[in-house]
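Asker: This note's numbering applies: residue 663 is where the sequence shown begins, and numbers increase by one.
Ideal Cβ placement from N, Cα and C applies to all residues, glycine included.
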Amino acid sequence: MEQAEEARRAPATAPSARVSIWESVRSCGVWGKEVDKAELRRQVVMPLYARRAVAAAVKAKDEAAGVAAAEESERGEEGEVEAVTPVVVFVNSRSGGRHGPELKARLHELITEEQVFDLSVVKPSDFINYGLGCLEKLAEQGDDCVKTIRKKLRIMVAGGDGTVGWVLGCLTDLYRLKREPVPPTGIIPLGTGNDLARSFGWGGSFPFGWRSAVKRYLSKAATAPTCRLDSWQAVVMMPDGEIKELPYALKKTEPADCLELCQENGTELPEKASCYKGVFYNYLSIGMDAQVAYGFHHLRDEKPYLAQGPVANKLIYAGYSCTQGWFCTPCTASPQLRGLKNILRLYIKKVNCSEWEQIPMPSSVRSLVVLNLYNYGSGRHPWGDLKPDYLEKRGFVEAHSDDGLLEIFGLKEGIALSGWPYVLLTRKLLQPSSLK
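(1) Residues in its own chain within less than 8 Å of Leu-1053 by CB, not counting five upstream and five downstream?
(2) Measure from the alpha carbon of Gln-1020 to the alpha carbon of each residue in Glu-926, Glu-930 and Pro-1094, then state which is nearest.
(3) Do you know offhand how far Ser-1096's Cα is from Lys-1011's?
(4) Output yes or no for whether 8 Å exceeds the beta carbon distance between Leu-852 and Ile-773.
(5) Check each candidate in Leu-891, Lys-877, Leu-702 and Ser-782 and name the one with the smallest Cα separation from Asp-1065.
(6) What's the gap between the Cα of Asn-944 and the Cα of Met-950?
(7) So, at 6 Å on beta carbons, what are the nonlocal neighbours of Lys-1090 in its own chain, with the 5 sequence-adjacent residues on each side left out?
(8) Give the straight-line distance between the Cα atoms of Arg-860 and Tyr-1036, rounded to the nearest whole angstrom.
(9) With distances taken Cα to Cα, identify the nearest neighbour of Leu-946 among Thr-929, Tyr-1038, Leu-908 and Asn-856.
(10) Which of helix, strand or coil does DSSP assign to Gln-803?
(11) Between the Cα of Leu-1033 and the Cα atoms of Asp-857, Glu-775, Glu-916 and Arg-1056, which residue gives the shortest distance?
(12) Buried or exposed for Gln-925, going by 16 or more other Cβ atoms inside 10 Å?
(13) On a Cα-Cα basis, can you pick out the residue from Ala-911, Ser-867, Thr-747 and Phe-752 that is closest to Leu-815?
(14) Under three-state DSSP, which class holds Pro-786?
(15) For Leu-1092, which three-state DSSP category applies?
(16) Answer yes if the segment 863-870 comes into contact with the segment 907-918, meaning at least three C-beta pairs across the two stretches below 8 Å, and no otherwise.
(17) At the level of alpha carbons, what is the spacing between Asp-806 and Glu-930?
(18) Under three-state DSSP, which class holds Trp-629?
(19) In the DSSP assignment, find the unbroken alpha helix (DSSP H) run with Leu-861 in it and report its ends.
(20) Once the 5 residues before and after Lys-699 are set aside, which same chain residues still bring their CB inside 8 Å of it?
(21) From Leu-769 to Glu-776, what distance separates their C-alpha atoms?
(22) If you run the structure through DSSP and keep just helix, strand and coil, what is Trp-693?
(23) Whose CA, out of Asp-724, Glu-734, Ser-735 and Gly-824, lies closest to the CA of Phe-958?
(24) Just how far apart, CA to CA, sit Gly-903 and Gln-953?
(25) For Gln-705, count neighbouring C-beta atoms within 10 Å of its own C-beta (all shown protein chains included) and say buried if the count is 16 or more, exposed if not.
(26) Out of curiosity, what's the CA-to-CA distance linking Gln-803 and Ser-1029?
(27) Out of Lys-799, Val-1027, Ser-1026 and Arg-1007, point me to the one whose CA is closest to Trp-1018's CA.
(28) According to DSSP, Ser-1029 sits in a beta bridge with which residue or residues?
(29) So which of Phe-862, Ala-718, Ile-849 and Leu-961 has the shortest CA-CA distance to Cys-889?
(30) Just the C-alpha distance for Met-818 and Val-778, rounded to the nearest angstrom, thanks.
(31) According to DSSP, simplified to helix, strand and coil, what is Pro-640?
(32) Using a Cβ-Cβ cutoff of less than 6 Å, which residues in the same chain neighbour Glu-685 once the five nearest sequence positions on both sides are dropped?
(33) Can you have a look at Pro-846 and say buried or exposed, based on whether 16 or more other CB atoms are within 10 angstroms of its CB?
(34) State buried or exposed for Glu-1069, treating a residue as buried only when at least 16 other CB atoms are found within 10 Å of its CB.
(35) On a Cα-Cα basis, can you pick out the residue from Tyr-711, Val-826, Leu-794 and Ala-875 that is closest to Leu-839?
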């Protein structure tokens, strides 16, 4: 696992480590400043011909269809209005319990249907390939208005951490293809944990007075300064064979890529192996909490009526923690249930060091978490605010989301997952720049 070349940007002022829940609520919640709807539209809505072009290109999955739609549109009074900072919103309609579909309808009302994409219908990669591709084609043809739109465009994601990570991962293709600038990304928190949203000042949950709050989210997306966020490449190698349901966060790579990676890391490539790559931005875990999250994800897909919001979701998480033996595991249970020491070998690279170092795994650790943010598991702060003396003693530095370092800690008990937000039985382990 190594840091990806690019760093993502989010249009928000990153809160300090001591930001309070009250500040998160106040930032976009019920008590925020009222935003005028007409002024908001002037600020974020694209000209009519431009948004029709984007919508047509995405629907047809063809840049040319978008260019044709732009040429057919009349550029009258509305078409001449140029947004100060155009905003496109991706909505995960399955997130937020009953709020997903209602939020989508509200966004249609505020910024038009053409600038709102339901992720159950449109993949972020389709928007990037065809929607942005259409804007780039029109800009190449000399359309200065569209050129400005492409340059100033910002993206909002209405969903949880997984949804945000999906969109950010697709946006990294713009770096790879040298199609910059990459639009900064903001968040409307609809998920269970919302740790990315918490870390960048977007709040920890969907506000009670959400209809007014949506306008403030959009206004903030258009006007807030940008912050930087490290992105990390995760590589999975396994015995040769196909994964039946490949997560959207992973992509299969060619054997040559696996061989190159093994040579870089000083490991041998198995004779028959499959290799997958992905990018993460918040945290990655190995062990029982990952098993619980996996179970919750499948339950939500099979029985979506059970996942009606953050509170219900956390109760389901707690139930899975109990059934998986997280709180109390009998001594006769299999070794992987008692701890990671029996099944995991961990190697790290420290900053400015080319050699891998094996790290012994404490016997008490039942889950290993690789953290890139200040927040984990619905706003918990496992790394904490460490004093200078402790940092020096352990060889750590103050953690930031753009410092090129990961924070690794171990979880000992399931109370960390079950809804007690300030009780974490953790063990701070490492702060490397790479690990395997």
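Answerer: Taking the structure as given:
(1) Val-1059 and Glu-1060
(2) Pro-1094
(3) 5 Å
(4) no
(5) Leu-891
(6) 18 Å
(7) Phe-1071
(8) 9 Å
(9) Tyr-1038
(10) coil
(11) Asp-857
(12) exposed
(13) Thr-747
(14) helix
(15) strand
(16) no
(17) 53 Å
(18) What is shown of the chain runs 663 to 1098, which leaves residue 629 out entirely.
(19) Looking at the sequence provided, one finds Ser at residue 861 rather than Leu. Residues 857-861.
(20) Leu-772 and Lys-877
(21) 10 Å
(22) Note that Trp-693 has pLDDT 49, beneath the 50 cutoff, so the model's placement of it is unreliable and no number is given.
(23) Gly-824
(24) 21 Å
(25) buried
(26) 54 Å
(27) Arg-1007
(28) Gly-949 and Leu-1073
(29) Phe-862
(30) 9 Å
(31) Because the chain spans 663 through 1098 in this model, residue 640 falls outside it and cannot be assessed.
(32) Low per-residue confidence applies at Glu-685: pLDDT is 40, beneath 50, and the placement is therefore not dependable enough to give any value.
(33) buried
(34) buried
(35) Leu-794
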